[in-house]
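**Q** Just so you know, the sequence shown maps onto residues 629 to 807 in my numbering.
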Amino acid sequence: MLVNGKKMAVSGLLMALSVVMIILSGVLDFNTLFFLAAAAFCVGIIVREYELKTGIVFFAGTLLLGFLLAPQKLYCITFAMMGAYVLFVEGLYRFLGRHQNIKNPKLVFGAGKFVIFNLMYLPALFLFPKLLFAGEISGKVMLFFLLGGQIALFLFDKAYEYFLIRMWGNWRGKLFGRG
Numbered sequence: 629m630l631v632n633g634k635k636m637a638v639s640g641l642l643m644a645l646s647v648v649m650i651i652l653s654g655v656l657d658f659n660t661l662f663f664l665a666a667a668a669f670c671v672g673i674i675v676r677e678y679e680l681k682t683g684i685v686f687f688a689g690t691l692l693l694g695f696l697l698a699p700q701k702l703y704c705i706t707f708a709m710m711g712a713y714v715l716f717v718e719g720l721y722r723f724l725g726r727h728q729n730i731k732n733p734k735l736v737f738g739a740g741k742f743v744i745f746n747l748m749y750l751p752a753l754f755l756f757p758k759l760l761f762a763g764e765i766s767g768k769v770m771l772f773f774l775l776g777g778q779i780a781l782f783l784f785d786k787a788y789e790y791f792l793i794r795m796w797g798n799w800r801g802k803l804f805g806r807g
């Protein structure tokens, strides 16, 4: 019971922090992507500390509270995409950890992250361009956004890895008394 209580307390605090960051992304427009990425990183913390199922429930609860409380609903969609990416990547990481017979798991992991991102990004870019951009979109602009999305994936993924490995690794020992 003690472990479940601790899990619930940590999850609740991180969920509250995530929702505050989603709300702040709509209030402080100059740091929108930073706050949304930080909120999505909290999903990864829960998955790494507990399990994927707990992370999915945490993500769903954070998303629901975000939609109810955040002034900018479009930012909740952005958080949903970032959080879903984190969940899928963590799921892939766990899958590769269970299947040790896969040759070159780093390459499979990198390719998997690329495929996961593009399965989410490309439909949004090509099927819902009016949701993202006003007016007509030329082929050059579409190519620019396609390449820009790949650069954004690289930056987001590197920031996520740095956060979980370096920063959360240090904070984890201080918060939980273990390292």
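Just so you know, even glycine gets a beta-carbon here, dropped at the ideal spot from N, CA and C. Remember, predicted model here, so these are calculated numbers, not experimental data.
Just checking, does the stretch 676-691 make contact with the stretch 639-652 on the three C-beta pairs under 8 Å criterion?
**A** Yes: the two stretches touch, three or more of their Cβ pairs being nearer than 8 Å.
**Q** Which class does residue 699 belong to by DSSP, given the choice of helix, strand or coil?
**A** If DSSP states are grouped into helix, strand and coil, residue 699 belongs with coil.
**Q** Cα separation between residue 786 and residue 635?
**A** Rounded to whole angstroms, residue 786 to residue 635 spans 27 Å at the Cα level.
**Q** Along the chain, where does the alpha helix (DSSP H) containing residue 732 start, and where does it finish?
**A** Segment: none, residue 732 is in no alpha helix (DSSP H) and carries neither H nor E.
**Q** Could you compute how far the alpha carbon of residue 711 sits from the alpha carbon of residue 766?
**A** The straight-line gap from Cα to Cα measures roughly 30 Å.
**Q** According to DSSP, is residue 678 helix, strand or coil?
**A** Coil.
**Q** Just reading off the alpha helix (DSSP H) that residue 789 is part of, what are its end residues?
**A** Element bounds for residue 789: 767-790.
**Q** Rounding to the nearest angstrom, what Cα-Cα distance links residue 706 and residue 664 in this structure?
**A** Each residue's alpha carbon lies about 7 Å from the other.
**Q** Compute the distance between the beta-carbons of residue 671 and residue 638, then report whether it is under 7 Å.
**A** No.
**Q** Within its chain, find whatever has a CB closer than 6 Å to the CB of residue 650; leave out the 5 residues flanking it on each side and keep chain order.
**A** If we look at residue 650 and ignore the five residues flanking it on each side, its Cβ neighbours are 667, 694, 698, 707.
**Q** Please report how far the alpha carbon of residue 784 lies from the alpha carbon of residue 742, in whole angstroms.
**A** Using only the alpha carbons, I get a separation of about 12 Å.
**Q** If you draw a straight line from the C-alpha of residue 764 to the C-alpha of residue 717, how long is it?
**A** Going from the Cα of residue 764 to the Cα of residue 717 covers about 34 Å.
**Q** When you compare only the Cα positions, how much space is there between residue 757 and residue 750?
**A** About 10 Å.
**Q** May I ask you to report which of helix, strand or coil DSSP gives residue 764?
**A** In this structure, residue 764 counts as coil in the three-state DSSP scheme.
**Q** What's the call for residue 703, buried or exposed, on a 16-neighbour Cβ count within 10 Å?
**A** Classification for residue 703: buried.
**Q** Can the beta-carbon of residue 725 be found less than 7 Å from the beta-carbon of residue 680?
**A** No, the pair does not count as a contact, with Cβ atoms beyond the cut-off.
**Q** Quick check: the Cα distance between residue 775 and residue 730, rounded to an integer number of angstroms?
**A** Their backbone Cα atoms lie some 30 Å apart in a straight line.
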